[in-house]
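Student:
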Amino acid sequence: MPQISINSPVGALTVFEFDDQIVSLDWGFVEEMETSPVLDEAKSQINAYFAKKLLRFDLPLAPGGTAFQAAVWAAMCDIPLGQTATYQDLARAAGSPKGFRAVGMACGKNPIPILIPCHRVLAAGGKPGGYSGDGGLETKEMLLKLEGVDLYPASKTSKQTAFDL
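Anchor point for the sequence shown: position 65 equals 94 in the numbering used here, and the numbering is continuous, going up by one each time.
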């Protein structure tokens, strides 16, 4: 399976491709790399994202999963850079208004973090919730800060989420 590793501000990332689609992103560095046009483009877009020169990833993604997980991951991709949504917002977007716990599980099973931006999903009241990527909440906070989202503003005001707009 073609794979390429990239150094990033949140650590080494390895992107995996199968049949010209991104199937996984994981933390860590692999020595044996096999590149492809899709992986070269992924590397370019990931580098542009961390340089604050990319607003939205445009890559062929194939995360697998159940129909519900796919709906949640698609809704995550609709959250614009610099904005957040709650687990409940995504449950509604995925057609299961009371399924916010299942959304949390889908976030935890996201095989392509960063590219499918589960870091933009917050718990009720703007609480950070969790993050399954390496570094946990510290990485989530770093990604959100890179995108201009302050989880802990000096003055707490009501925040709009991406799905309130």
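Where a beta carbon is used, it is the ideal one built from N, C-alpha and C, also for glycine.
1. If we ignore side chains and look at the alpha-carbon of each, how far apart do D53 and V59 end up?
2. Quick one: give me the first and last residue of the alpha helix (DSSP H) that S73 is part of.
3. Please report the distance separating the alpha-carbon of A103 from that of R85.
4. Output the distance between the C-alpha atoms of A152 and P126, rounded to the nearest integer angstrom.
5. Rounded to a whole number of angstroms, what is the C-alpha to C-alpha distance between P109 and I143?
6. Using a threshold of 6 Å, is the CB atom of A77 nearer than that to any non-hydrogen atom of the ligand PLP?
7. Is the beta carbon of Q50 sitting closer than 7 Å to the one on P89?
8. At which residues does the beta strand (DSSP E) containing Q50 begin and terminate?
9. Is the separation between the beta-carbon of I141 and that of C106 shorter than 7 Å?
10. According to DSSP, is T168 helix, strand or coil?
11. For D55 and C136, what's the separation of their Cα atoms in angstroms?
12. My parser needs the beta strand (DSSP E) runs of 3 or more residues fully inside the region 131-158; what are they?
13. To the nearest angstrom, report how far apart G40 and R121 are at their CA atoms.
14. Closest to F45 by CA distance: which of G57, P38 and K169 is it?
15. Between I75, D48, E61 and V101, which lies nearest to I35 when the distance is taken from Cα to Cα?
16. Given this structure, state the Cα-to-Cα distance separating R130 from G164, to the nearest angstrom.
Tutor: With the given structure in hand:
1. Sequence inspection shows Ser at residue 53; the Asp mentioned does not correspond to that position. Each residue's Cα considered, the two are about 14 Å apart.
2. P66 to F79
3. 13 Å
4. Their Cα atoms are separated by approximately 15 Å.
5. One C-alpha to the other measures close to 13 Å.
6. The model depicted lacks the ligand PLP and carries no ligand whatsoever.
7. yes
8. Q50 to W56
9. Judged by their CB atoms, I141 and C106 are not nearer to each other than the 7 Å cut-off.
10. helix
11. 14 Å
12. none
13. Each residue's Cα considered, the two are about 33 Å apart.
14. Ranked by Cα distance from F45, the first of G57, P38 and K169 is G57.
15. Each of I75, D48, E61 and V101 was checked against the Cα of I35, and the nearest Cα belongs to I75.
16. 22 Å
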